[in-house]
Amino acid sequence: MKWNGWGYNDSKFIFNKKGQAEFTGKRYRLGGMVLPTFKEWIEKTFGASLEHKTTSRASLNVNDVPPSIVNEEFLQDLRATKISYSQDAEDRVFRAHGHCLHEIFVLREGMFKRIPDIVVWPVCHEDVVKIVELACKHNLCIIPFGGGTSVSSALECPEEEKRTIVSLDTSQMLAESGFCTGHEPDSMEFSSLGGWVATRASGMKKNIYGNIEDLVIHIKMVTPRGIVEKNCQVPRMSTGPDIHHFIMGSEGTLGVVTEVTIKIRPLPEYQKYGSVVFPNFERGVACLREVAKQVKKSWMLASLKNTNFSTRRVLMVQCFWQLITKGFLSLQFKGFDPNILCVATLLFEGDREKVLQHEKQVYDIATKFGGLAAGEDNGQRGYMLTFVIAYLRDLGLDYYVIGESFETSVPWDRVLDLCRNVKERIVRECKEKGVQFAPLSTCRVTQTYDAGACVYFYFAFNYRGISDPIHVYEQIERAAREEILANGGSLSHHHGVGKLRKRWMKESISDVGLGMLRSVKEYVDPNNIFGNKNLL
Amino acid sequence: MSKKRDEFEDILEERRLSSDLRYAMKCYTPVIYKGLSPCKPNAIKSAVLQSEQVQYVIKQLAKEMGESPDIIQEEATEILDEMGHSMQLGAVRFFAFTLSKIFKQLFQRVCVNEEGMQRLQHAIQEHPVVLLPSHRSYVDFLMLSYLLYTYDLALPVIAAGIDFLGMKIVGELLRRAGAFFMRRSFGGNRLYWAVFAEYVKTMLRSGYAPIEFFLEGTRSRTAKTLTPKFGLLSIVMEPFFKREVFDTYLVPISISYERILEESLYAYELLGVPKPKESTSGLLKARRILSDSFGTIHIYVGQPVSLRTLASGRINRCPYNLVPRHLPQKPSEDIQEFVSDVAYKMELLQIENMVLSPWVLVAAVLLQNLPAMDFELLIEKTLWLKGLTQTFGGFIEWPDNLCAKKAVMSGLTLHSNIARLVDGHVVLNDKGVEDGAVGEIVFKRALAILMCATYRNQLLNVFVRPSLVAVALQMTRSFRKEEVYSCFSFLRDVFSDEFIFFPGISLKDFEEGCFLLTKCDAIQTSQQEIYPTDKGSVIVSFLSTMFRPFVEGYQLIFRYLSKETKEVFTEKQFIPGVRNFVFQLLEKGNTQCYEALSSDMQKNALAALVQLGAVKKKKMSNGFTYNVNQEAVNKILDMFDARIPVQKPVAARL
Chain U
12 MKWNGWGYND
22 SKFIFNKKGQ
32 AEFTGKRYRL
42 GGMVLPTFKE
52 WIEKTFGASL
62 EHKTTSRASL
72 NVNDVPPSIV
82 NEEFLQDLRA
92 TKISYSQDAE
102 DRVFRAHGHC
112 LHEIFVLREG
122 MFKRIPDIVV
132 WPVCHEDVVK
142 IVELACKHNL
152 CIIPFGGGTS
162 VSSALECPEE
172 EKRTIVSLDT
182 SQMLAESGFC
192 TGHEPDSMEF
202 SSLGGWVATR
212 ASGMKKNIYG
222 NIEDLVIHIK
232 MVTPRGIVEK
242 NCQVPRMSTG
252 PDIHHFIMGS
262 EGTLGVVTEV
272 TIKIRPLPEY
282 QKYGSVVFPN
292 FERGVACLRE
302 VAKQVKKSWM
312 LASLKNTNFS
322 TRRVLMVQCF
332 WQLITKGFLS
342 LQFKGFDPNI
352 LCVATLLFEG
362 DREKVLQHEK
372 QVYDIATKFG
382 GLAAGEDNGQ
392 RGYMLTFVIA
402 YLRDLGLDYY
412 VIGESFETSV
422 PWDRVLDLCR
432 NVKERIVREC
442 KEKGVQFAPL
452 STCRVTQTYD
462 AGACVYFYFA
472 FNYRGISDPI
482 HVYEQIERAA
492 REEILANGGS
502 LSHHHGVGKL
512 RKRWMKESIS
522 DVGLGMLRSV
532 KEYVDPNNIF
542 GNKNLL
Chain V
379 MSKKRDEFED
389 ILEERRLSSD
399 LRYAMKCYTP
409 VIYKGLSPCK
419 PNAIKSAVLQ
429 SEQVQYVIKQ
439 LAKEMGESPD
449 IIQEEATEIL
459 DEMGHSMQLG
469 AVRFFAFTLS
479 KIFKQLFQRV
489 CVNEEGMQRL
499 QHAIQEHPVV
509 LLPSHRSYVD
519 FLMLSYLLYT
529 YDLALPVIAA
539 GIDFLGMKIV
549 GELLRRAGAF
559 FMRRSFGGNR
569 LYWAVFAEYV
579 KTMLRSGYAP
589 IEFFLEGTRS
599 RTAKTLTPKF
609 GLLSIVMEPF
619 FKREVFDTYL
629 VPISISYERI
639 LEESLYAYEL
649 LGVPKPKEST
659 SGLLKARRIL
669 SDSFGTIHIY
679 VGQPVSLRTL
689 ASGRINRCPY
699 NLVPRHLPQK
709 PSEDIQEFVS
719 DVAYKMELLQ
729 IENMVLSPWV
739 LVAAVLLQNL
749 PAMDFELLIE
759 KTLWLKGLTQ
769 TFGGFIEWPD
779 NLCAKKAVMS
789 GLTLHSNIAR
799 LVDGHVVLND
809 KGVEDGAVGE
819 IVFKRALAIL
829 MCATYRNQLL
839 NVFVRPSLVA
849 VALQMTRSFR
859 KEEVYSCFSF
869 LRDVFSDEFI
879 FFPGISLKDF
889 EEGCFLLTKC
899 DAIQTSQQEI
909 YPTDKGSVIV
919 SFLSTMFRPF
929 VEGYQLIFRY
939 LSKETKEVFT
949 EKQFIPGVRN
959 FVFQLLEKGN
969 TQCYEALSSD
979 MQKNALAALV
989 QLGAVKKKKM
999 SNGFTYNVNQ
1009 EAVNKILDMF
1019 DARIPVQKPV
1029 AARL
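Protein chains in written order, with my numbering: chain U, 12 to 547; chain V, 379 to 1032.
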């Protein structure tokens, strides 16, 4: 794993000797593939140049790392439990952050002011119970850690925390299953089940399998007050408000999720990718809305992206080659403007007959909205791309380009307006904040529901000439979030609140709503042992 | 203090040099909104008809009235056909040609700030634009379209009163030039409201064309800015509130006339001789004015104001996020207040950029020196007033090298129907005075004074803050700031329909008034006191005299109402009643306040009493009725006559 970027050490975008972009490693289908126009694209879009390069520190400078302060009595008690632990600087830094832009930036060029003092690796529920008991006894602060893929500053240690901070790493607690859960967030390879539960996660295939709240049957959580769980494993029960909903999305403020029972399904018998090209984003959205309305409990998932200035368009260069042989010319004849056309990628899973039936239904609807089938390969590529898109940021960082994605959910009738306004706001704010190059500001629809959709925004800019790019970036992201809220979008669809979006909680769930959550926290964890300061 | 304003260009100059026909047939490729997908006027109508908004209301009404939706849909179609414009380039070219001819005949110059046009051009491309011109004449909207055509900008669609449709041919011509027609009142008609609002919003959202309407709602007969109407403004603001557009530009435009085409019509109308119905033959008769000259027009296109900027931090977004956007939604109180603030802000911007001609100063001086004034003295006073006006931020367009005498002279020539020079004295042109009966003399005199006042009135909104401080100083006969402020605040409330005040900032207005008076050395202020300086008494007395017609006029009207014996009356009964009352006083020579005959002032005074709670206004099936609380009116009258001190809680910190 990279210590200062996303994902595996061997997988990344580089510029090869010929100056062409290439994705290294063999883990992804994209591995080894050359992207000949990528260089031109990055230069044109951001005004970036291969000559202007920033370099990250090659490795962690151990001397910069804040010292580990742990009292000896606790260490004695901990040793007695035989739970493995570490006070090593690298282990602690690795668990001091998620994957927000500013966190990665700090890793590359600076150091966190506060990091965990000690990392513990419990292997079972009992271990966690012991650790929480010790923490209560010695008045320590516990920050649970799953996959470390948070993008909400949830893992950052509160600077003013004076107590010893224990990072409780749960990533080793998941065993191999052999079935499929159907839950596939973009960070699937790196995130953890406990993390999914704690943040109310969502995955790409949610239309087929559901979001985490639809998958979970039972949760066991260790809290300072004791253990919370239900008495049975039933599909549904009516026993007042569902206590699972206090846990899902609690973001590590209440306790540690130690056991989760989730629904599993046999691996799908049949899987088929597909893609549709639409003349523009508006038609694409209208089509997805219609599909959401007509195709019951959809057996497919769709994501839609305006290819204008998009990274995907570049990455799909090779796809376009295939498109040409498959009929790109005919697309042009039909009057598609390549600058504004948009692609929907599709995945159907299930038994063969149903898949084919639904596939036909979806393509029929798409035709009505001016869509043209663009082949299975494009669909599959689009799907794979979701997993490697996170690697792109690290490449940008080497060339003065910083960027991030953020998401929201929005009712159908506001999707287009919200997308347009947020993109425009980003462009405007960049101008006002003195960003000298036009930013990349684009979006895609990644999830569809009956009542609305989840929208992702991608925002990046070349920061040459700006003294404090992270601050500027954060101001712009904040403005973009304001814009989202003003357009009737949510604070978050699945990234969670963490510390990054706390300021809008009151507006999002009302005073009383916030009070309800606070009173739960006060009862469950009166001494704020789980003191990561997320959410509330 | 006066901020830098743009230079003017005369657009008629070019027209006098080259062919009008070629100009009308020029290649017209206007600058348009960047997000525009071009469509035909009929496509807009059908989009409106099919919109979720209109369909929702149709279904609702069908359910409530037990009618078939088809019938109501039919009705909506008819409304749309009556309302909708059908802009055609042919008609535009026709107007371009004929208006060139007419304007050249009528006006010496038509001056435009080109920088404003450039800003407008930029704005039109960026976001939907709403043009908000001042309204003094029918020429306003013709001129504005003409201007945009000249500068190759997208032609606006214009909200016009339905009465234009009464004019054969012309109504349809205007329709083809981009006018759409709204009924005068349709508050109760939900279908009409839905169709109208959606029609306007559809054009705005798609950036089809700049939308133009008059905040004042109608032509101001007095040349004094009318208090704004909010209906259309709130319609054009809604797409932004609902975030259907990223932003909307509001562009205040000030159009001022050296001589107003309708000046005498207005004066007759104010005196109760009814307004001629718009008719084509009437227009043809008006042709004889073609032989007359109407001087220069100044059009100042103000800085486009971003609605987004105005709204930032002010709008609670919740109400719009919790209701599907196609459902009709009554604006919250917050929103209504915001709309009202924006309306006043726009009107104040119009006033700020309104060009004042030398004649306006002459008229103001002359009205204080009736029946006759020495010509040399008039020139001297006019120059003096010019300085004062500039100190107060007035925008005087005084040709650089023109000496005062010539300026006054040219004003007198242009307005020879109002005043003339006789034996070194300037007198009002109320000819026929000698021969008529007393009543006729009063009427003729009133006519001349009201016409003259139309020009002085253009100064009033620039002068109102310092002047009301001056009036308050005289009324209270006290130097205590608190008392003066109470009185100022009272006057401001009473005159809230007469002059344009931004809502709720009485203290700020007072401070501004004091500041301006201090600036021209008329007063000195300390922590607790305000007192006129020695040389300031001239200014203070000039200012209060300037507003005396209003103070006296209101007193007369209030006095009439305090004696009104009828329990309940309508506006139709009130106006002739008060007119007779004032008329008799004038005949007897008991007052010299001719302006109290103006129906505009009478209506405003009544509205003021309604706002002050001394008159109750009730909505009946056939309009509004009024009900006077005599005691309350008497009390206000006493305060006005300075018999009792103004009783009003003083603002906490002066």
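Don't be surprised by glycine CBs; every beta carbon is placed ideally from N, CA and C.
Ordered along the chain, which non-local residues of its own chain (more than five positions away) have a Cβ less than 7 Å from that of L531 of chain V?
-> Around L531 of chain V: P408, V409, L498, Q499 and I502.
- [ ] Give the residues of chain C in contact with E622 of chain V, contact being defined as C-beta atoms less than 8 Å apart.
- [x] The question asks about chain C, but that chain is absent: this structure's protein chains are U and V.
Any beta carbon from chain U within less than 8 Å of R695 of chain V's own beta carbon?
The beta carbon of R695 of chain V falls within 8 Å of a beta carbon belonging to chain U, placing the residue at that interface.
Give a yes or no on whether 8 Å exceeds the smallest Cβ distance from G295 of chain U to chain V.
Among the CB atoms of chain V, none fall inside 8 Å of the CB of G295 of chain U.
Of all Cβ atoms in chain V, is any one closer than 8 Å to the Cβ of R512 of chain U? No, R512 of chain U lies away from the interface with chain V (no Cβ there is under 8 Å from its Cβ).
- Residues of chain V with a CB under 7 Å from the CB of D424 of chain U: which are they? By Cβ distance, chain V contributes P702 and R703.
Discussion item. Taking its Cβ as the centre, do 16 or more other Cβ atoms sit within 10 Å of G30 of chain U, making it buried, or is it exposed?
Written reply: Label assigned to G30 of chain U: exposed.
- Locate the alpha helix (DSSP H) running through N958 of chain V, then write down its first and last residues. N958 of chain V -> alpha helix (DSSP H) spans E949 to K966.
> Whole-angstrom Cβ separation of Y722 of chain V and P844 of chain V, contact assumed at under 8 Å?
Replying inline: Their Cβ separation, rounded to whole angstroms, is 19 Å, which puts Y722 of chain V and P844 of chain V out of contact at 8 Å.
(message) Check this for me: beta carbons of K283 of chain U and E364 of chain U, under 8 Å apart or not?
(response) One thing to note: K283 of chain U has its Cβ no nearer than 8 Å to the Cβ of E364 of chain U.
S501 of chain U to S452 of chain U span [Cα, whole Å] | S452 of chain U has its alpha-carbon roughly 19 Å from the corresponding atom of S501 of chain U.
Cβ closer than 7 Å: which chain U residues qualify as neighbours of Q699 of chain V? At residue 699 of chain V the sequence reads Asn, which differs from the Gln that was named. Contact annotation for N699 of chain V against chain U: G499 [CB-CB distance below 7 Å, chain order].
- Message: Can you confirm whether N545 of chain U, when its beta carbon is compared against all beta carbons of chain V, has any partner nearer than 8 Å?
- Response: Taking 8 Å as the CB threshold, N545 of chain U stays off the interface with chain V.
- Roughly how many angstroms separate the alpha carbons of N1007 of chain V and S563 of chain V, rounded to a whole number? If I take the Cα positions, the gap works out to 29 Å.
> Just by C-beta distance, which residues in the segment 432 to 447 of chain U are closer than 7 Å to chain V?
Replying inline: Cβ contacts with chain V: N432 and E435.
_With H, G and I counted as helix, E and B as strand and the rest as coil, what does DSSP make of S904 of chain V?_
Three-state result, S904 of chain V: coil.
Could you tell me which residues DSSP puts in a beta bridge with M560 of chain V? Within the DSSP secondary-structure output, M560 of chain V pairs in a beta bridge with V:G539.
For T457 of chain U, is the classification buried or exposed, using 16 other Cβ atoms within 10 angstroms of its Cβ as the cut-off for buried? By the Cβ neighbour-count rule, T457 of chain U is buried, with 16 or more other Cβ atoms within 10 Å of its own.
Check: For the beta strand (DSSP E) that contains G285 of chain U, what are its first and last residues?
Finding: It spans Y281 to F289 - the beta strand (DSSP E) in which G285 of chain U sits, taken as one unbroken run.
Practice task
Since I believe V432 of chain V is in contact with E641 of chain V (beta carbons under 8 Å), could you give me their beta-carbon distance rounded to a whole number of angstroms?
Solution key: With a Cβ gap of about 42 Å, E641 of chain V and V432 of chain V do not count as contacting.
(message) Between which two residues does the beta strand (DSSP E) holding T181 of chain U run?
(response) The continuous stretches of beta strand (DSSP E) do not include T181 of chain U, and DSSP gives it neither H nor E.
Check each candidate in V:P588, V:A557, V:F672 and V:L700 and name the one with the smallest Cα separation from K620 of chain V.
The shortest C-alpha separation from K620 of chain V is found at V:L700.
Check your understanding: Below 8 Å between beta carbons: does that hold for R393 of chain V and S515 of chain V?
Key -> Taking the C-beta atoms as reference points, S515 of chain V is found no nearer than 8 Å to R393 of chain V.
Relative to the C-alpha of G802 of chain V, which candidate in V:F770, V:A824 and V:E754 has its C-alpha closest? Cα-wise, what sits closest to G802 of chain V is V:E754.
Exercise. If you draw a straight line from the C-alpha of N539 of chain U to the C-alpha of P155 of chain U, how long is it?
Worked result: Their backbone Cα atoms lie some 13 Å apart in a straight line.
C-beta contact flag for Y646 of chain V and I827 of chain V at 8 Å
Cβ atoms of Y646 of chain V and I827 of chain V: not closer than 8 Å.
Note to self: Within 10 Å of its beta-carbon, does C781 of chain V have 16 or more other beta-carbons around it, so buried, or fewer, so exposed?
What the structure shows: Under this definition C781 of chain V is an exposed residue.
task = Kindly list the residues whose CB is nearer than 8 Å to the CB of V1011 of chain V, restricted to its own chain and excluding five residues on each side of it in sequence; keep chain order.
result = F936, L939, S940, L987, A992 and V993.
Rounding to the nearest angstrom, what Cα-Cα distance links A824 of chain V and E818 of chain V in this structure? The alpha-carbon atoms of A824 of chain V and E818 of chain V are separated by roughly 10 Å.
Residues of the segment 274 to 298 of chain U whose Cβ lies closer than 8 Å to any Cβ of chain V, in chain order: Answer in chain order: no residues at all.
What residue range is occupied by the uninterrupted beta strand (DSSP E) comprising S416 of chain U? Taken as a continuous stretch (DSSP letters only), the beta strand (DSSP E) holding S416 of chain U covers V412 to P422.
task: From the DSSP output, read off the bridge partner residues of P630 of chain V.
output: P630 of chain V has V:L510 as its beta-bridge partners, per DSSP.
Exercise. Report the residue from V:R637, V:L522 and V:L799 whose alpha carbon sits nearest the alpha carbon of L792 of chain V.
Key: Comparing Cα-Cα distances from L792 of chain V to each of V:R637, V:L522 and V:L799, the minimum goes to V:R637.
Next item on the list: Would you kindly work out how many angstroms separate the C-alpha atoms of H149 of chain U and N74 of chain U, rounded to a whole number?
Entry: If you draw a straight line from the Cα of H149 of chain U to the Cα of N74 of chain U, it comes to about 28 Å.
| Quick one: is L525 of chain U near chain V, going by C-beta distance under 8 Å? | Not one chain V Cβ lies under 8 Å of L525 of chain U.
Quick one: is S461 of chain U buried, meaning 16 or more other Cβ sit within 10 Å of its Cβ, or exposed?
For the record, residue 461 of chain U in the displayed sequence is Asp; it is not Ser. Flag for D461 of chain U reads exposed.
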